[in-house]
Amino acid sequence: MHNKVLDGIDLSFEEAILFGGVSGVDLLDLVSLAFKVKKRYSKDLHVCTILNAESGLCWEDCSYCSQSSSHNTGVSVYNLLPFDSVLRRVEKAYEMGVRHFGIVTSGYGYKEMSDEFRTIVSYIIGLKKRFPDMEICASLGVLGEETAKMLVEAGF
Ligand code: SF4
């Protein structure tokens, strides 16, 4: 089965599910296999990363979410990061070969236009100028028509 994986041959569902049962020292074989796959196919890999640009502070109460201020989860809490900080993360990711960068913010979203939303869009425009071959995407919660349009106009 290891050779099949390394040769890029699709596993059957039954074969693939066996990997989920690997435990103990056999996990090291799995890690080694993952490393070999990465080494062999790294030029074909699409690598992306995300940045939590605003964390915690959400007044909503989604029961599964660590960002909700209703739950004491110990998650880092901070307002929207300044542009320089976002830029540094993107630069670092770019140097590491990442070409798809996602910006995530906690909170219900931007159904109405706001200064914060305009700031995020200005970040995106700034990042796209600096890194034209980097795809920038975002997960910003619920949008309204005006905010969605603004994202489209910014090149989303
Ligand atoms: S609205 Fe989003 S950030 Fe807020 S609690 Fe729900 S899932 Fe979490």
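The sequence shown begins at 440 in my numbering and counts up one residue at a time. Every residue, glycine too, gets a C-beta built ideally from N, C-alpha and C.
Provide the residue(s) that pair with residue i in DSSP beta bridges, ordered along the chain.
i: Ser519; result: Here residue 519 turns out to be Leu, not Ser, going by the sequence shown. In DSSP, Leu519 forms no bridge with anything.
i: His539; result: Cys487 and Glu574
i: Tyr549; result: Leu582
i: Glu592; result: Answer is none; Glu592 lacks a bridge partner.
i: Thr599; result: Missing from the structure shown is residue 599; the chain here goes from 440 to 595 and no further.
Quick one: what does DSSP say residue i is sitting in, helix, strand or coil?
i: Glu584; result: helix
i: Gly565; result: helix
i: Glu499; result: coil
i: Thr512; result: coil
i: Ser451; result: coil
i: Ala532; result: helix
i: Ser505; result: coil
i: Ser462; result: coil
i: Asp446; result: coil
Counting only the same chain and skipping the five closest in sequence on each side, list residues whose C-beta sits under 8 Å from that of residue i.
i: Gly536; result: Val486
i: Ser578; result: Ile489, Gly541, Ile542, Val543 and Thr544
i: Leu582; result: Gly548, Tyr549, Lys550 and Leu590
i: Met552; result: Gly583, Glu585, Thr586 and Met589
i: Met440; result: Leu450, Glu454 and Leu457
i: Lys475; result: Leu445
Do residue i and residue j have their C-beta atoms closer together than 9 Å?
i: Met573; j: Phe540; result: yes
i: Thr544; j: Leu519; result: yes
i: Val525; j: Ser494; result: no
i: Gly594; j: Ile564; result: yes
i: Tyr547; j: Cys497; result: yes
i: Leu469; j: Phe458; result: yes
Enumerate in chain order the residues of its own chain whose CB-to-CB distance from residue i is below 6 Å, with the five nearest sequence positions on each side excluded.
i: Ser505; result: Thr512 and Val514
i: Ser471; result: none
i: Val461; result: Leu469
i: Val529; result: Phe540 and Leu566
Is there a C-beta anywhere in chain C that falls below 9 Å from the one on residue i?
i: Val560; result: Although the question refers to chain C, the structure presented lacks it and comprises just one protein chain.
Return the chain-ordered list of same chain residues with a C-beta closer than 7 Å to the C-beta of residue i, the five sequence neighbours on each side being excluded.
i: Phe570; result: Val529 and Tyr533
i: Asp483; result: none
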